[in-house]
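Undergrad:
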Amino acid sequence: MRNKEKSCPICSKPQTAASKPFCSERCRDIDLNRWLSGSYAIPVRDDEDEDGGSSQRS
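With the working numbering, letter number 41 in the sequence shown gets 520, and the count goes up by one each step, no holes.
(1) What separation, rounded to the nearest whole angstrom, lies between the Cα atoms of cysteine 506 and arginine 524?
(2) Counting only the same chain and skipping the five closest in sequence on each side, list residues whose C-beta sits under 8 Å from that of cysteine 490.
(3) Just verifying my parser: in three-state terms, what is the DSSP assignment at serine 486?
(4) Less than 8 Å separating the beta-carbons of glutamate 504 and glutamine 494?
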């Protein structure tokens, strides 16, 4: 059943069609600011350490 309304990831109010997936332009702007200021980050895995250091040049 999909009767449950999805909530805004910033303030948890119900989403609006105009600002989806947020409830308002304010929450959309807050999220954009968090990305631009570096508050959000995508984790990066350093694969070089996992291969036993074979990528080192001699």
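Quick reminder that beta carbons are idealized off the backbone N, C-alpha and C, glycines included.
TA: The short version:
(1) Rounded to whole angstroms, cysteine 506 and arginine 524 show a C-alpha spacing of 30 Å.
(2) Cys502 and Cys506.
(3) Three-state result, serine 486: strand.
(4) no
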